[in-house]
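Written below as structure tokens is the structure these notes are about.
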Amino acid sequence: MKKIVIFLLAACITTACREVSSQRTEMDGFLDSLMGRMTLEEKIGQLNLLTMGFDVTGPRISKGVEQKIRDGHVGGVFNLWTPNAVRKLQDTVLTQTRLKIPLLIGYDVIHGHRTIFPIPLAQAATWDIGLIERIATVVADEASADGLHWTFSPMVDLVRDPRWGRVSDTAGEDSFLGSEIAKAMVRGYEQGDLSNESTIMSCVKHFALYGAAEGGRDYNTVDMSRLRMYNDYLPPYKAAIEAGASSIMTSFNEVDGIPATGNRWLLTDLLREQWKFEGFVVADYTSVSEMENHGMGDKAAVTERAINAGLDMDMVSEYFTDELPALVKSGKVKEETVNAACRRILEAKYKLGLFDNPYRGITGDAGTRVSSAEKFELNREAALKSIVLLKNDGRTLPLDDSKRIAFVGPLVKNRRTLLGSSAAAADWRETETLWEALCSRRSGGRFTYAQGCHLVEDSLIRRMTDQQNGNVLDDRCGATLIREAVEVAERSDVVVAVLGEAYDMSGEAAGRSDIGLLSNQKALLRALEATGKPIVLVLMNGRPLTLQWEDDHIEAIVETWLPGACGGSAIVDILFGEVNPSGKITMTFPRNVGQIPIYYNYKNTGRPYSDNSKFTVKHIDVENSPLYPFGHGLSYTQFAYSPVRLSDTVMTVDRPVEATVTVSNVGLRSGEETVQFYIRDLVGSVTRPVKELKGFRRIKLEAGESEDVTFTVTPDMLKFYNSDLEWVFERGDFLLFAGGSSATDNVARFTLE
Ligand code: BGC
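Read left to right, the sequence shown gives residues 9 to 761 (this note's numbering).
Spelled out as structure tokens, the structure:
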């Protein structure tokens, strides 16, 4: 029987291989013939990506795009969607260009297209990889129905600086979790088969190290050792590629002194030769022309550098179309280099099925695919699982709606903020506010409302938010708003203050030098606190904030991020205990800005922190620990962990060790917990972090229930890059930690022999 199964399996694999290789031959034949008919200019045209301006995502807008399409000078466009708009452009290609090569249509579909899910940092806080993959699948379905073929996602940049605005679009500070999420998103978008019209092509970004911008200023210089690069920052890009990502985007920053877009070591030696990436490489927005500002030479010089480094597609700069014909003629760029880039882009179009159907994906009814009940449920699940209970005194939450509850703050009735940035295809006007959700879900409640303050300080308001996007300015001054709020608070039993950041205070070009609540919000919160009423602080924001004062003075703090279209109802259900919170933060929350960078997997140093010695690594003016560590998140119930048990204290190369921990729900209601496993390599040929996440599992436990959670540690999980950049494990002693956050000290020791 066993033999028959093996035989059948082998036969299936052989047939599948044959099919793949015959598809490859078919594609090669088609592309050889097409490219044989293309002029050099037409090939260069395929390397040109222009923006259509439905959304503005960069400093320059492409001009005369339709004429350039007719002239065969455009390979793809982005910032455009809807069946009609896409159909019209592909019609232009089919009726008015010589070779009728369909356009590739891209867009930043970051956390939803029409239906907006929680921002990526919030999705990461679910620690639910299957959920994240399902989201990517439905997002792809919705985007493809709107004529899109290509999303500029996943954004897998590792980040340790919450001042950087784009942390909202990332999975946070951990390489392992970030890699798992990156793979899930690629699988969800592409499903291993781009010919399926409800998929879209992914684009891993921003290669590389974009998240390490100095000081958290967007687009800033990056400088780091190869060791840190290989061990911490590069793995998520590599993981996404191994999961089958078909394209990758360069970053704006330099890597080892050379801008990523023109960095041959990065784009060729590492990406193509070491990692065997076969898809195509696109520049980030005008990053080819920006190399002039970096000081890499004039227009011709930076173009030559970019294509020779391994860049295939130029986004918006139009330097390839302007300069490559002459560079090829002069021999500075080989024609084969242009051919190879063009072929990679045509291959992507072929795999997407665009040569068979340039209207790919838009034949169905886009409307129906947008608003399905299933999608709504998925979105709600994501919002519910992403909300993190940062602090609870155990009495204030969940809320009891027999009490008089004041809802105060500029975000109670705000629609736009719920969606976060990168949500331009969605209609935020349809989003249910927290207040609307409250009134419909808890209709018997005694709720009052006061705005309390403007969302942002008056000095910032015109710069940061535009009123058309729902951030309404009114004429009342700060003191009046606070007075009204205090009156409302005084007539209530408990106050819920809903504060945070406007939607455009995180995301691209939204670095902040101070990541506390804005001073006007803080003034409101202090006034509310002075009433002596118990306060719940509900936060909406796209990054970790500094919340030391709030943690010291406020009874309960709930981090809801920018929770997407179902955010209002999810927050209400969490506040009233219909659903028990279960999210866990994936970025450390510092106590103050001076602690940054602060992350859980730091190195021990020669003078590790100690309370008892002056001469150890610390600041003298702040506690050494973060306010909330990576992996932290509370529940309305409590989970107790048994000591870690190991199957053996000795591991050999072919015998892994199993670590088991019994997790018990010792509280009064059912809840979900993410059990986390960390490892410390005690002695290495290079210094090793004090802890590294290696595994996790989300479990659900009824009140009083216990479960054994087992984690198998293999020697492979102990590998790291040594100083020769070899991926190795080293024999010796290790610690294994298990617990509900990175701060766990529940530990066992084993030896790899
Ligand atoms: C961003 C990218 C984005 C691109 C296209 C750039 O400014 O850095 O993440 O994909 O614009 O909109």
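Cβ coordinates follow ideal geometry from the N, Cα and C atoms, glycine included.
Exercise. With DSSP as the reference, please indicate the residues paired to Ala648 in a beta bridge.
Key: Ser672
Quiz item: Which residues in the same chain have their Cβ closer than 8 Å to the Cβ of Ala434, if we skip the five residues on either side of it in sequence?
Solution: Gly120, His121, Arg122, Thr123, Ile124, Leu427, Ala573
Quiz item: Since Met257 sits in a beta bridge, which residues does DSSP pair it with?
Solution: Val290
Self-check item: Cross-strand partners of Ser714 (DSSP beta bridge)
Solution: Ser672
Quiz item: Would Thr759 pass as a contact of Pro664 if the rule is Cβ separation under 9 Å?
Solution: no
Exercise. Check whether the Cβ of Asn261 lies closer than 8 Å to any heavy atom of the ligand BGC, and answer yes or no.
Key: no
Self-check item: Outcome for Met9 when other beta-carbon atoms lying within 10 angstroms are tallied against a minimum of 16
Solution: For Met9, the predicted structure reports a pLDDT of 49, less than 50, and the residue's modelled location is therefore unreliable. A value from the coordinates is still provided. By the 10 Å Cβ count, Met9 comes out exposed.
Quiz item: CA-CA distance, Tyr245 and Val212?
Solution: 7 Å
Self-check item: Tyr367 to Pro571 span [Cα, whole Å]
Solution: 33 Å
Practice problem: Could you check the C-alpha separation between Asn673 and Gly692 for me, to the nearest Å? | Solution: 38 Å
Exercise. Assign Lys246 to one of three DSSP states: helix, strand, or coil.
Key: helix
Quiz item: Are there 16 or more other CB atoms within 10 angstroms of the CB of Gln529, so buried, or fewer, so exposed?
Solution: buried
Practice problem: Could you check which residue in Trp172, Val117, Ser500 has the C-alpha nearest to that of Arg145? | Solution: According to the sequence as given, residue 145 is Thr; it is not Arg. Considering only alpha carbons, the answer is Val117.
Quiz item: What is the DSSP secondary structure of Thr6, reduced to helix, strand or coil?
Solution: Residue coverage of the chain in this structure runs from 9 to 761, which leaves residue 6 outside it and unanswerable.
Exercise. Report the three-state DSSP secondary structure of Glu27 (helix, strand or coil).
Key: helix
Self-check item: Neighbourhood of Thr657 by C-beta distance below 6 Å, restricted to the same chain and skipping five residues each side
Solution: Phe758
Self-check item: Beta bridge counterpart(s) of Tyr115 as assigned by DSSP
Solution: Thr159
Quiz item: Considering only the beta carbon of each residue, do Val290 and Val263 sit closer than 9 Å?
Solution: no
Quiz item: According to DSSP, is Tyr608 helix, strand or coil?
Solution: coil
Self-check item: Spatial neighbours of Ala253 in its chain, beta-carbon cut-off 6 Å, leaving aside the 5 residues before and after
Solution: Val194, Ser210, Val212
Practice problem: Report the residue from Gly265, Val164, Pro243 whose alpha carbon sits nearest the alpha carbon of Tyr218. | Solution: Val164
Quiz prompt | Residue burial classification, Tyr617 (beta-carbon count within 10 angstroms, cutoff 16) | solution = exposed
Quiz item: So, using beta-carbon positions, are Val502 and Ile565 closer together than 9 Å?
Solution: no
Practice problem: Would you kindly work out how many angstroms separate the C-alpha atoms of Met232 and Arg168, rounded to a whole number? | Solution: 13 Å
Quiz prompt | Rounded distance between the beta-carbons of Asp320 and Ile353, thought under 8 Å | solution = 6 Å
Practice problem: Classify Asn400 as helix, strand or coil using the three-state DSSP reduction. | Solution: strand
Self-check item: DSSP-derived helix/strand/coil call for Thr276
Solution: helix
Exercise. Classify Gln475 as buried or exposed, calling it buried when 16 or more other Cβ atoms lie within 10 Å of its own Cβ.
Key: Any reading at Gln475 needs caution, since the residue's pLDDT is 48, under 50, leaving its predicted position unreliable; the model's value is listed next. Under this definition Gln475 is an exposed residue.
Exercise. For Lys213, verify whether its CB is less than 8 Å away from any heavy atom of the ligand BGC.
Key: yes
Quiz prompt | Same chain, Cβ closer than 6 Å to Ile395, five either side skipped, listed in chain order | solution = Thr568, Ile582, Pro589, Gly591
Quiz item: Would the stretch 49-64 and the stretch 322-329 be scored as touching if the rule is three or more Cβ pairs under 8 Å?
Solution: yes
Quiz prompt | The alpha helix (DSSP H) enclosing Ile753, as first and last residue numbers | solution = Per the sequence shown, residue 753 should be read as Asp rather than Ile. From DSSP, Asp753 is part of no alpha helix (DSSP H); its letter is neither H nor E.
Quiz prompt | Euclidean distance between Cα positions of Leu525 and Tyr511 | solution = 14 Å
Exercise. Jot down the residue ranges of each uninterrupted beta strand (DSSP E) in the stretch 288-337, minimum 3 residues, whole runs only, in chain order.
Key: 288-290
Quiz item: Could you give the distance in angstroms between the alpha-carbon of Pro333 and the alpha-carbon of Asn261?
Solution: 27 Å
Self-check item: Closest by C-alpha distance to Leu545, when choosing among Pro110, Ile707, Leu397
Solution: Leu397
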